[in-house]
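Trainee: My questions all concern the structure below.
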Amino acid sequence: MPNHLQTVKRSKRTKRRQTPQIVAAAADQTRYILGVVPDRLAHSEGVARRAQFLTQTVAQKDAPLLVAAAWLHDVGYAPELRDTGFHPLDGARYLRSIGWSQAICDLVAHHSGARFVARFHDLDKQLARYRFSLDAVSDALTVADQTTGLFGERVTVEQRMSDMLRRHGRDSANALAHPDREPYLREATVRVTARLESFGVHTELTELAAAAH
Ligand SMILES: [Fe+2]
């Protein structure tokens with residue numbers, strides 16, 4: 025492991041983080057790890073902003089968990105953390121190795137329907153070591169990611185999915201997984217929209233959900 029990441033490992037091996045300070049720690053960690061890939065960092069900042077907005081769709085106690093996971097969800101893209109080459113798994117493994125909670129690592133491992141794609145990398149058994157929960161937090165993280173573009177800009181779920189298919193190519197694992205993964209992404213968007221509307225919050229996500237039908 026590179027020296028500067030060993031430094032992170034030591035500095036972040038702290039007692040369990042159950043307080044909102046995990047958000048600041050996650051932001052610092054992400055800026056450090058993804059500083060070498062500015063586009064990914066900009067995307068992660070955008071996902072964290074979006075997740076902050078979506079905290080109103082989760083239990084108050086889970087809000088820090090959601091925003092911290094949003095910051096950290098793509099750290100597996102850092103070249104120095106590359107192991108299997110499947111970024112949700114590489115990120116989760118690294119974060120667990122430096123002491124982040126199982127709950128954070130589970131969310132990172134499974135963000136945006138990673139379980140559908142893992143099969144096509146022959147990594148489904150390894151990913152299954154992390155637990156997927158179909159709940160308000162995982163929905164909000166996935167929707168935050170799927171409504172944030174590569175540079176942190178807001179996009180629709182439709183734009184995000186078509187961009188993903190274009191970037192990865194027709195024969196990619198992402199493309200092969202898409203028939204199974206797409207309904208999950210759309211349904212998560214619908215669920216998050218319904219939660220927002222139950223609080224009287226009407227946003228462009230309503231339009232996103234309409235497009236997702
Ligand atoms: Fe992402």
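In the working numbering, the protein residues as written are 25 to 237.
In this text, a Cβ means the ideal position worked out from N, Cα and C, and glycines have one as well.
Which term fits His134, buried or exposed, when burial requires 16 or more other beta carbons within 10 angstroms of its beta carbon?
Mentor: The residue you call residue 134 lines up with position 110 of the sequence shown. Buried is the call here.
Trainee: What do you reckon, are the CB atoms on Ala127 and Leu89 nearer than 8 Å?
Mentor: Counting from one through the sequence shown, the residue named residue 127 turns up at place 103. Counting from one through the sequence shown, the residue named residue 89 turns up at place 65. Their beta carbons are under 8 Å apart, which means Ala127 touches Leu89 by this criterion.
Trainee: Rounded to a whole number of angstroms, what is the C-alpha to C-alpha distance between Leu105 and Arg120?
Mentor: Along the sequence shown, one-based indexing puts residue 105 at 81. Along the sequence shown, one-based indexing puts residue 120 at 96. Between Leu105 and Arg120, the C-alpha separation is close to 12 Å.
Trainee: Are the region 160-167 and the region 65-78 touching, with three or more C-beta to C-beta distances below 8 Å?
Mentor: Yes: the two stretches touch, three or more of their Cβ pairs being nearer than 8 Å.
Trainee: Rounded to whole angstroms, what's the CA-CA distance from Tyr154 to Asp130? Just pull it up for me.
Mentor: Here residue 154 is taken as the residue at index 130 of the sequence shown, counted from 1. Here residue 130 is taken as the residue at index 106 of the sequence shown, counted from 1. Each residue's alpha carbon lies about 5 Å from the other.
Trainee: Mark Ser222 as exposed unless 16 or more other C-beta atoms lie within 10 angstroms of its C-beta, in which case mark it buried.
Mentor: Indexing the sequence shown from 1 puts residue 222 at position 198. Exposed, since its Cβ has fewer than 16 Cβ neighbours within 10 Å.
Trainee: Using a strict less-than 6 Å threshold between each residue's beta carbon and the heavy atoms of ligand 1, what residues do you get?
Mentor: Matched residues: His67, Val71, His97, Asp98 and Asp169.
Trainee: In angstroms with no decimal places, state the Cα-to-Cα distance between Val61 and Ser68.
Mentor: Taking the first residue of the sequence shown as 1, we reach residue 61 at position 37. Taking the first residue of the sequence shown as 1, we reach residue 68 at position 44. Answer to the nearest angstrom: the Cα atoms are 11 Å apart.
Trainee: Quick one: residues in its chain with C-beta nearer than 6 Å to the C-beta of Phe144, no 5 flanking neighbours on either side, listed in chain order?
Mentor: Indexing the sequence shown from 1 puts residue 144 at position 120. Result list for Phe144: Ala197, Leu200 and Ala201, in chain order.
Trainee: Measure the C-alpha to C-alpha separation of Ala218 and Thr227 and round it to an integer number of angstroms.
Mentor: Numbered from 1 along the sequence shown, position 194 holds the residue referred to as residue 218. Numbered from 1 along the sequence shown, position 203 holds the residue referred to as residue 227. Roughly 11 Å between the two C-alpha positions.
Trainee: Could you tell me the distance, in whole angstroms, from the CA atom of Ala142 to the CA atom of Asp204?
Mentor: Here residue 142 corresponds to residue number 118 of the sequence shown, with the count starting at 1. Here residue 204 corresponds to residue number 180 of the sequence shown, with the count starting at 1. Roughly 12 Å separates the two Cα atoms.
Trainee: Just how far apart, CA to CA, sit Tyr56 and Gln84?
Mentor: Stepping through the sequence shown from its first residue, residue 56 is reached at position 32. Stepping through the sequence shown from its first residue, residue 84 is reached at position 60. Between Tyr56 and Gln84, the C-alpha separation is close to 28 Å.
Trainee: Quick test of your reading: Thr171 and Arg191, contact by CB under 8 Å. State the CB separation rounded to the nearest angstrom.
Mentor: Here residue 171 refers to the residue found at position 147 of the sequence shown. Here residue 191 refers to the residue found at position 167 of the sequence shown. About 17 Å separates the two Cβ atoms, so there is no contact after all.
Trainee: Helix, strand or coil: how does DSSP classify Thr81 here?
Mentor: Within the sequence shown, residue 81 is the residue found at index 57, counting from 1. Thr81 falls in the helix class under three-state DSSP.
Trainee: How would you call Arg210, buried or exposed, if buried means at least 16 neighbouring beta carbons within 10 angstroms?
Mentor: Mapped onto the sequence shown, residue 210 falls at position 186. Buried is the call here.
Trainee: Cα-Cα, which of Ala49, Arg215 and Val216 is closest to Gly123?
Mentor: Here residue 123 refers to the residue found at position 99 of the sequence shown. For the residues Ala49, Arg215 and Val216, the minimum Cα distance to Gly123 belongs to Ala49.
Trainee: Helix, strand or coil for Val71? Go by DSSP, reduced to three states.
Mentor: Position 47 of the sequence shown, counted from the first residue, corresponds to residue 71. Looking at Val71 - three-state DSSP - the assignment turns out to be helix.
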